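A.B. asks: Start counting the sequence shown at 1; every next residue gets the next number (my numbering).
For each residue, glycine too, the CB sits at the ideal point set by N, CA and C.
For clarity, every value in this text was computed on a predicted model and none was experimentally measured.
Pasting in a structure now, in structure tokens, and then I'll have a few things to ask.
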Amino acid sequence: MGDERVIGDVQAHMAQGSGPRPRLVAVNQPWSEVMGEALALAREAAHADEVPVGAVVLDTDGGVIGRGRNMRESTGDPTSHAEVIALREAAVAHGSWNLDGCTLVVTLEPCLMCAGAILQSHISRVVFGAWDDKAGAAGSMYDVIRDRRLPVRAEVIGGVDADAAAAVLREFFAAQRADEQVSRSSEG
């Protein structure tokens, strides 16, 4: 993604009246390696017929202490989003719900529910890939994670490997639509 496109995206977003998106970083530094792990988890979710979102929690030294992928369909649990699963695993590994100083890396901008869980866990930084202009709560639709009215906030770095993260989602939903069309045509 070139700087011109990033600047254009931010300007277009601001023109829509939503305010500026979180700051963007170069897609290759320093989060791409960890985002690659989150993308692998997202692909695992897709293979299990779950919406392909993956998340990884890093401790203060950069070690992975939590991993998660969407599991709503397989568990029947509406809270089984990748972020929540990764936060739960990280809290167990860390020995505390308080994950201050830790970083959450996730393939899709967190939703409102996940933003609440992020704030409750005191995660210090959220790094995400694709923007979610329909339900994102880290700078696109809402900006809950950085809301100054709240007692806890996190740094947000958005758009890391956004093209790769968005491609996984696009491919999944295109396959879902194709399967639905085949089902409808075989019924009729």
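Apply the 10 Å Cβ neighbour rule to D143 and answer buried if 16 or more other Cβ atoms are within range, or exposed otherwise.
C.D. replies: Along the sequence shown, read from residue 1 onward, the residue named residue 143 stands at position 143. Under this definition D143 is a buried residue.
A.B. asks: Out of curiosity, what's the CA-to-CA distance linking Q176 and E44?
C.D. replies: Against the sequence shown, residue 176 aligns to sequence position 176. Against the sequence shown, residue 44 aligns to sequence position 44. So the alpha carbons of these two residues sit roughly 16 Å apart.
A.B. asks: Exposed or buried, what is G17 when buried is set at 16 or more other beta-carbons lying within 10 Å of its beta-carbon?
C.D. replies: Indexing the sequence shown from 1 puts residue 17 at position 17. Because G17 sits at a pLDDT of 46, beneath the cut-off of 50, its placement in the model cannot be relied upon, and the point is left open.
A.B. asks: Which parts of the stretch 77-162 are runs of the beta strand (DSSP E), unbroken and 3 residues or longer, counting only runs that do not cross its ends?
C.D. replies: Entirely contained in the stretch 77-162, the beta strand (DSSP E) runs reaching 3 residues are, in chain order, 103-108, 125-130 and 155-157.
A.B. asks: For the stretch 48-59 against the stretch 81-93, do three or more pairs of beta-carbon atoms, one drawn from each stretch, fall closer than 8 Å, so that the two count as touching?
C.D. replies: With the cut-off at 8 Å, the stretch 48-59 and the stretch 81-93 touch.
A.B. asks: In chain order, what residues of the same chain lie with their CB nearer than 6 Å to the CB of L112, ignoring the 5 residues before and after it?
C.D. replies: The residue you call residue 112 lines up with position 112 of the sequence shown. Around L112: A137.
A.B. asks: At which residues does the alpha helix (DSSP H) containing G62 begin and terminate?
C.D. replies: Start at 1 with the first residue of the sequence shown, and residue 62 comes out as number 62. Note, G62: premise wrong, no alpha helix (DSSP H); not H, not E.
A.B. asks: What does a CB cutoff of less than 7 Å around E171 pick up in its chain, not counting 5 residues either side in sequence?
C.D. replies: As a first step, residue 171 is located in the sequence shown; it is residue number 171 there, counting from the start. Hits under 7 Å: none found.
A.B. asks: Can you name the residues that DSSP bridges to A164?
C.D. replies: The residue you call residue 164 lines up with position 164 of the sequence shown. DSSP output for A164 lists no bridge partner at all.
A.B. asks: Output the boundary residues of the alpha helix (DSSP H) element that contains A46.
C.D. replies: What you label residue 46 is simply residue 46 of the sequence shown in a count that begins at 1. Unbroken alpha helix (DSSP H) run through A46: S32 to H47.
A.B. asks: Under 9 Å, do S124 and D100 count as touching if we go by C-beta distance?
C.D. replies: In the sequence shown, the residue the question calls residue 124 occupies position 124. In the sequence shown, the residue the question calls residue 100 occupies position 100. Yes. Within cutoff.
A.B. asks: Assign E83 to one of two classes, buried (16 or more other C-beta atoms within 10 Å of its C-beta) or exposed (fewer than that).
C.D. replies: Numbered from its first residue, the sequence shown carries residue 83 at position 83. Its Cβ being crowded by 16 or more others within 10 Å, E83 is buried.
A.B. asks: In its own chain, which residues sit with a C-beta less than 8 Å from the C-beta of L150, not counting the 5 before and 5 after it?
C.D. replies: Residue 150 sits at position 150 when you count from the first residue of the sequence shown. Same-chain partners within the cutoff: L119 and V144.
A.B. asks: Considering Cα atoms alone, identify which of E155, W131, G158 and Q181 is closest to L169.
C.D. replies: Along the sequence shown, read from residue 1 onward, the residue named residue 169 stands at position 169. Closest option to L169, Cα to Cα, is W131.
A.B. asks: So, using beta-carbon positions, are A42 and S74 closer together than 9 Å?
C.D. replies: Residue mapping note: residue 42 aligns to position 42 of the sequence shown, counting from 1. Residue mapping note: residue 74 aligns to position 74 of the sequence shown, counting from 1. The answer is no: Cβ separation not under 9 Å.
A.B. asks: Once the 5 residues before and after E155 are set aside, which same chain residues still bring their CB inside 6 Å of it?
C.D. replies: Taking the first residue of the sequence shown as 1, we reach residue 155 at position 155. The residues are R125.
A.B. asks: Under the rule that 16 or more other beta-carbon atoms within 10 Å means buried, what is S140, buried or exposed?
C.D. replies: The count along the sequence shown starts at 1 and reaches residue 140 at position 140. It counts as buried.
A.B. asks: Should N28 be labelled buried (16 or more other beta-carbon atoms within 10 Å of its own) or exposed?
C.D. replies: Within the sequence shown, residue 28 is the residue found at index 28, counting from 1. At N28, the pLDDT of 44 sits below 50, so the modelled position is not reliable; the number obtained from the coordinates is stated separately. Under this definition N28 is an exposed residue.
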